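Q:
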Amino acid sequence: FFIFLFLITQAFIVGAKEFDDNTVIVIINKKEIFYNEIKPDMAEIQYYFDIYGKEISMQNLIHQAELKNLTIKLRNIIMDNAFSGLGIKVDNKEVISELDKQFKTRTIDKIKIKKVYELHVILVDALEQLQKNPKNSDYIYRTKLASKGISLKQWKLWKTIYNTPEKIKALQLLLPKMKTVEGMKKISYASTKKDIMYRKFRNIIGKNVDVDKEELLAYYEKKYPSLKNPEFSEIKDELREELLERKKYKKEEEWLKEQYKKAKIEIKNERFKDVLQMLIQSADTHIPTFFDK
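Going by the working numbering, 396 is the number at position 288 of the sequence shown; the sequence numbering is gapless.
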């Protein structure tokens, strides 16, 4: 697939030029998407180029990041319109209840929170040292991180994510919240609220989705092929919920493809002219790239 994507991307890259941040790339249902909204993070690009540079050029990698960011933007606009149109809302009590359940299920306690906090204190210190002495990356890793069980790959990823003083400062400001379970819940609040919104949406469009006995048995046999399987009767309810959720996800993807077809989408630049068709034809609702590896 990546060879196929590489060949398609070549067509976009030929004659490509730099965009001004205020260049309109796409208009969807009268809403403009500007280049600065899909502009790649060059530190992230460099990170992936270091890994996959023998397979893909820097220029192609940049364009794949643009495509990925654009598809995410298009999806978010369509989904936000759907939430609004269906009257989907999530209140504070729902989010708190979901967070309590998640933390209990994952047995996130004070001991685990303490470890997370201590790790991030070390991380912030290492990143601040790196900002002062960018050439000392290996030394910082050996003296501050290696003995803490942090891999070189993790360090490289952290350097990519927190690549400016502003991003490091933002991480530093989160440290006080990382000291407690309640603080960690506050950090997770926004993403949890979004997850609940999507779940409510899937329940609405997938209200007629069901799982019959034959499907359930086939799923059970595929998931537990060993002779030491748990008894079907013991886990059938759990498996039914899993399979039902999978079918609702599929329903969501099918719905989204239809929205791409129905939406009034105007591609304003030739470099992105095939993005909509690629989205509709793809087995998923975003274009797989090297960033999905």
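We put the CB at the ideal spot given by N, CA and C, even for glycine. Quick caveat, the model's predicted, so the values are computed rather than measured.
What residues in its chain sit with their C-beta under 6 Å from that of residue 155, if we drop five residues either side in the sequence?
A: The count along the sequence shown starts at 1 and reaches residue 155 at position 47. The answer, listed in chain order, is 268.
Q: Which one of 278, 165, 337, 206 has the shortest CA to CA distance from residue 296?
A: Reading the sequence shown from its first residue, position 188 is the one you call residue 296. The shortest Cα separation from residue 296 among 278, 165, 337, 206 belongs to 206.
Q: Does the Cβ-Cβ distance between residue 326 and residue 136 come in under 8 Å?
A: Within the sequence shown, the letter at position 218 stands for residue 326. Within the sequence shown, the letter at position 28 stands for residue 136. Not in contact: residue 326 and residue 136 (Cβ atoms no closer than 8 Å).
Q: Verify whether the separation of the beta carbon atoms of residue 132 and residue 373 is less than 8 Å.
A: Locating residue 132 in the sequence shown gives position 24, where the first residue counts as 1. Locating residue 373 in the sequence shown gives position 265, where the first residue counts as 1. No, Cβ-Cβ distance for residue 132 and residue 373 is not below 8 Å.
Q: Pick helix, strand or coil for residue 111, following the three-state DSSP scheme.
A: Position 3 of the sequence shown holds residue 111. Unreliable placement is indicated for residue 111, whose pLDDT of 38 sits below 50; the coordinate value is still reported in the next sentence. If DSSP states are grouped into helix, strand and coil, residue 111 belongs with the helices.
Q: From residue 228 to residue 213, what does the alpha carbon distance come to, in whole angstroms?
A: Taking the first residue of the sequence shown as 1, we reach residue 228 at position 120. Taking the first residue of the sequence shown as 1, we reach residue 213 at position 105. Residue 228 and residue 213: Cα-Cα distance of roughly 23 Å.
Q: Taking only runs of the beta strand (DSSP E) that begin and end inside the region 227-281, which ones reach a length of at least 3 residues, in chain order?
A: With a minimum length of 3 residues, no continuous beta strand (DSSP E) run stays inside the region 227-281.
Q: Whether or not the region 295-311 and the region 337-346 are in contact is what I'm after, with contact meaning three or more pairs of Cβ atoms, one per stretch, closer than 8 Å; do they touch?
A: They do not touch, by the three-pair rule.
Q: Could you tell me the distance, in whole angstroms, from the CA atom of residue 377 to the CA atom of residue 383?
A: Counting from one through the sequence shown, the residue named residue 377 turns up at place 269. Counting from one through the sequence shown, the residue named residue 383 turns up at place 275. Approximately 11 Å, taken between the alpha carbons.
Q: Which class does residue 339 belong to by DSSP, given the choice of helix, strand or coil?
A: What you label residue 339 is simply residue 231 of the sequence shown in a count that begins at 1. In the structure shown, residue 339 sits in coil (DSSP, three-state: anything other than H, G, I, E or B).
Q: What is the DSSP secondary structure of residue 163, reduced to helix, strand or coil?
A: Here residue 163 refers to the residue found at position 55 of the sequence shown. Three-state result, residue 163: coil.
Q: Am I right that residue 276 and residue 317 are in contact with their C-beta atoms under 8 Å? What's the rounded C-beta distance?
A: In the sequence shown, the residue the question calls residue 276 occupies position 168. In the sequence shown, the residue the question calls residue 317 occupies position 209. Not a contact, Cβ separation roughly 45 Å.
Q: Assuming residue 314 and residue 356 form a contact by the criterion Cβ under 8 Å, report the distance between their Cβ atoms to the nearest whole angstrom.
A: To locate residue 314, count along the sequence shown from 1; it is residue 206. To locate residue 356, count along the sequence shown from 1; it is residue 248. Confirmed, about 4 Å.
Q: How big is the Cα-Cα spacing for residue 379 and residue 271?
A: Counted from its first residue, the sequence shown places residue 379 at position 271. Counted from its first residue, the sequence shown places residue 271 at position 163. The straight-line gap from Cα to Cα measures roughly 28 Å.
Q: From the DSSP output, read off the bridge partner residues of residue 139.
A: Translated into the one-based positions of the sequence shown, residue 139 becomes position 31. 136.
Q: Helix or strand or just coil, what does DSSP make of residue 402?
A: No answer is possible for residue 402: the residues shown for the chain start at 109 and end at 401.
Q: Could you check which residue in 386, 389, 368 has the C-alpha nearest to that of residue 185?
A: To locate residue 185, count along the sequence shown from 1; it is residue 77. The shortest Cα separation from residue 185 among 386, 389, 368 belongs to 368.
Q: Just curious, the alpha helix (DSSP H) that residue 322 is in, first and last residue?
A: Position 214 of the sequence shown, counted from the first residue, corresponds to residue 322. 321-331 is the span of the alpha helix (DSSP H), which, as asked, contains residue 322.
Q: Cα separation between residue 389 and residue 138?
A: Stepping through the sequence shown from its first residue, residue 389 is reached at position 281. Stepping through the sequence shown from its first residue, residue 138 is reached at position 30. C-alpha separation (whole angstroms): 24 Å.
Q: What would DSSP say about residue 375, mapped onto helix, strand or coil?
A: Translated into positions along the sequence shown, residue 375 becomes position 267. Correct three-state label for residue 375: strand.
Q: Between the C-alpha atoms of residue 194 and residue 312, what's the straight-line distance to the nearest angstrom?
A: As a first step, residue 194 must be located in the sequence shown, where it is residue number 86. As a first step, residue 312 must be located in the sequence shown, where it is residue number 204. About 9 Å.
Q: Which residue's Cα is closest to the Cα of residue 153: 234, 165, 360, 291?
A: As a working note, residue 153 is residue 45 in the sequence shown. Checked all of 234, 165, 360, 291; the closest Cα to residue 153 is 165.
Q: Run through DSSP, which three-state label would residue 216 get?
A: Taking the first residue of the sequence shown as 1, we reach residue 216 at position 108. Coil.
Q: Going along the chain, which residues of its own chain have a beta-carbon closer than 6 Å to the beta-carbon of residue 285, five neighbours each way excluded?
A: For this step, residue 285 is matched to residue 177 along the sequence shown. Contacts found: 291, 294, 295.
Q: Let me know if residue 248 comes out buried or exposed under the rule of 16 or more other beta-carbons within 10 Å of its beta-carbon.
A: Looking up residue 248 in the sequence shown gives position 140. Flag for residue 248 reads buried.
Q: Here's the rule: buried if 16 or more other CB atoms are within 10 angstroms of the residue's CB, otherwise exposed. What is residue 169?
A: For the purposes of this step, residue 169 is taken as residue 61 along the sequence shown, with counting starting at 1. Result: buried.
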